[in-house]
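Below is one structure; the comments refer to it alone.
There are 6 protein chains.
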Amino acid sequence: MPYVNIKVTNEGVTAEQKKQLIQGTTQLLVKVLDKNPKTTFVVIDEVETDNWGIGFDQVTELRKAT
Amino acid sequence: MPYVNIKVTNEGVTAEQKKQLIQGTTQLLVKVLDKNPKTTFVVIDEVETDNWGIGFDQVTELRKAT
Amino acid sequence: MPYVNIKVTNEGVTAEQKKQLIQGTTQLLVKVLDKNPKTTFVVIDEVETDNWGIGFDQVTELRKAT
Amino acid sequence: MPYVNIKVTNEGVTAEQKKQLIQGTTQLLVKVLDKNPKTTFVVIDEVETDNWGIGFDQVTELRKAT
Amino acid sequence: MPYVNIKVTNEGVTAEQKKQLIQGTTQLLVKVLDKNPKTTFVVIDEVETDNWGIGFDQVTELRKAT
Amino acid sequence: MPYVNIKVTNEGVTAEQKKQLIQGTTQLLVKVLDKNPKTTFVVIDEVETDNWGIGFDQVTELRKAT
Numbered sequence: 013m014p015y016v017n018i019k020v021t022n023e024g025v026t027a028e029q030k031k032q033l034i035q036g037t038t039q040l041l042v043k044v045l046d047k048n049p050k051t052t053f054v055v056i057d058e059v060e061t062d063n064w065g066i067g068f069d070q071v072t073e074l075r076k077a078t
Numbered sequence: 013m014p015y016v017n018i019k020v021t022n023e024g025v026t027a028e029q030k031k032q033l034i035q036g037t038t039q040l041l042v043k044v045l046d047k048n049p050k051t052t053f054v055v056i057d058e059v060e061t062d063n064w065g066i067g068f069d070q071v072t073e074l075r076k077a078t
Numbered sequence: 013m014p015y016v017n018i019k020v021t022n023e024g025v026t027a028e029q030k031k032q033l034i035q036g037t038t039q040l041l042v043k044v045l046d047k048n049p050k051t052t053f054v055v056i057d058e059v060e061t062d063n064w065g066i067g068f069d070q071v072t073e074l075r076k077a078t
Numbered sequence: 013m014p015y016v017n018i019k020v021t022n023e024g025v026t027a028e029q030k031k032q033l034i035q036g037t038t039q040l041l042v043k044v045l046d047k048n049p050k051t052t053f054v055v056i057d058e059v060e061t062d063n064w065g066i067g068f069d070q071v072t073e074l075r076k077a078t
Numbered sequence: 013m014p015y016v017n018i019k020v021t022n023e024g025v026t027a028e029q030k031k032q033l034i035q036g037t038t039q040l041l042v043k044v045l046d047k048n049p050k051t052t053f054v055v056i057d058e059v060e061t062d063n064w065g066i067g068f069d070q071v072t073e074l075r076k077a078t
Numbered sequence: 013m014p015y016v017n018i019k020v021t022n023e024g025v026t027a028e029q030k031k032q033l034i035q036g037t038t039q040l041l042v043k044v045l046d047k048n049p050k051t052t053f054v055v056i057d058e059v060e061t062d063n064w065g066i067g068f069d070q071v072t073e074l075r076k077a078t
């Protein structure tokens, strides 16, 4: 009965990509730990780039700098 | 000083229902563990149905199938 | 399919008390939001009192002061 | 490689304030634990006042009462 | 710069299995969202079976019933 | 009423360092957002190095490689 929380920046993740993340994560838990997929939850959080910092910088700023 | 995080799908939870979740959870922690309600936090996250997976499927798809 | 995470300090919570927290929380989600208990998860984290701070102080210190 | 999650109520936090939270938290982890800022993440969640409870009450109600 | 948190029950997950979860999750984020693995974190939490509830029951009880 | 969760690897963080993290984080929220320290929680999680992955690798392996 695993619970997986995936946090990524909110930069245009499509419904199809979310589906692939959910399926891939669930498949991994079935394969590695023999978990029951029926009670495997995957929750995706999309975080605004202003709200995510790495190395002192907001991702918003890092994207501009690239 | 408990902290409780409730994650549910974003499907029309009303302000009144949120109030009931907050009061019920806080009351439970007072009753079972004799915690001080003044320092009991309850935070509710509403998650888009595209972002929640169970048994390989997005909740969006599960709702359509019902 | 709710997911609830309860964080409390690690101060002798018994298995029976954990059971009551799990049952009470699940019952609340069934009553307030008509959720399916079969896919309602409750996860309890017990946090060392050195690792929990409130109002600048570690709970360890607050317990001594009482 | 620390990960820090800051949850605050959604009451007009500016991009500049978020930047200060990210920089201050990262600086603290560098100073206290000598962590590498390049792999220090800070994620800020802004929570609606209806969704945050303290002492049985929604923050929305507490703000009105003030 | 994704952050993934995997919560499973504490029932003998080996270091090798943890490695597979970390590698599989990171690979998934690279493949689906083209994320940089160098800033992809995976954190695994192992939760005592007394502390995990599903369908009103502690996992400890569910395991005995099987 | 902020809630802050700090996750670091479990590599000998002392009670004094935890105190500094709690005080520094709380001070930051008071300074930047004018929050009330009495209802500011800081919770520190110490994660085993086997359970933390970055760039496909467990931190345990990264430490050996250094």
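From first to last, the protein sequence lines are chains A, B, C, D, E and F. Just so we're aligned, residue 13 is where the first sequence starts under the working numbering, counting upward by one. Just so we're aligned, residue 13 is where the second sequence starts under the working numbering, counting upward by one. Just so we're aligned, residue 13 is where the third sequence starts under the working numbering, counting upward by one. Just so we're aligned, residue 13 is where the fourth sequence starts under the working numbering, counting upward by one. Just so we're aligned, residue 13 is where the fifth sequence starts under the working numbering, counting upward by one. Just so we're aligned, residue 13 is where the sixth sequence starts under the working numbering, counting upward by one. Cβ coordinates follow ideal geometry from the N, Cα and C atoms, glycine included.
- In the DSSP annotation of this structure, the continuous segment of the alpha helix (DSSP H) that includes G36(A) starts and ends at 27-45.
- Between F53(A) and I66(B), the C-beta spacing is below 9 Å.
- In this structure, the straight-line span from the alpha carbon of Y15(D) to that of K50(E) is close to 14 Å.
- For E73(B), the secondary structure class from DSSP, reduced to helix, strand or coil, is helix.
- Under a 10 Å Cβ-count criterion, D62(C) is classified as buried, with 16 or more other Cβ atoms of the shown protein chains found around its own Cβ.
- Where N17(D) is concerned, the enclosing beta strand (DSSP E) starts and stops at 15-21.
- Just so you know, the alpha carbons of G24(F) and E73(D) end up roughly 43 Å apart.
- At a C-beta separation below 9 Å, N22(F) has no neighbours in chain D, since its nearest C-beta there lies roughly 12 Å away.
- Boundaries for G24(E): no beta strand (DSSP E) harbours it, and the DSSP string shows neither H nor E there.
- For T37(B), a Cβ of chain C is located within less than 9 Å of the residue's own Cβ.
- The bridge partners DSSP lists for G67(D) come to none.
- In chain order, Y15 make up the part of chain F whose C-beta sits under 8 Å from the C-beta of V55(B).
- Within chain E, no residue has its beta carbon less than 7 Å from that of K76(C); the closest one is some 27 Å off.
- Burial of T38(F) is indicated by the presence of at least 16 other C-beta atoms within 10 angstroms of its C-beta.
- When L40(B), V42(B), E58(B) are compared, the shortest CA-CA separation from T26(B) is found for E58(B).
- Put simply, the CB of Q32(D) is near chain F, with a gap under 9 Å to one of its CB atoms.
- For the segment 48-72 of chain B, the set of residues with a beta-carbon nearer than 9 Å to any beta-carbon of chain F comprises K50, T51, F53, V55, in chain order.
- Our two residues, I56(A) and V20(A), have alpha carbons roughly 8 Å apart in a direct line.
- Nearest to Q70(E) by alpha-carbon distance, out of K76(C), D69(C), K30(C), is K30(C).
- When the Cα atoms are used, G36(A) and D46(C) turn out to be separated by approximately 30 Å.
- Within chain C, the residues whose beta carbon sits less than 8 Å from that of V44(B) are Q29, Q32, L33, G36, listed in sequence order.
- Per DSSP, the continuous beta strand (DSSP E) segment holding E58(F) begins and ends at 53-59.
- In this structure, L41(B) lies away from L41(C), with their beta-carbon atoms at least 9 Å apart.
- It is roughly 38 Å from the alpha-carbon of T78(E) to the alpha-carbon of N48(B).
- Excluding the 5 residues flanking it on each side, E60(B) has same chain C-beta neighbours closer than 6 Å at N22, in chain order.
- One alpha carbon belongs to R75(C), the other to K43(A), and they sit about 45 Å apart.
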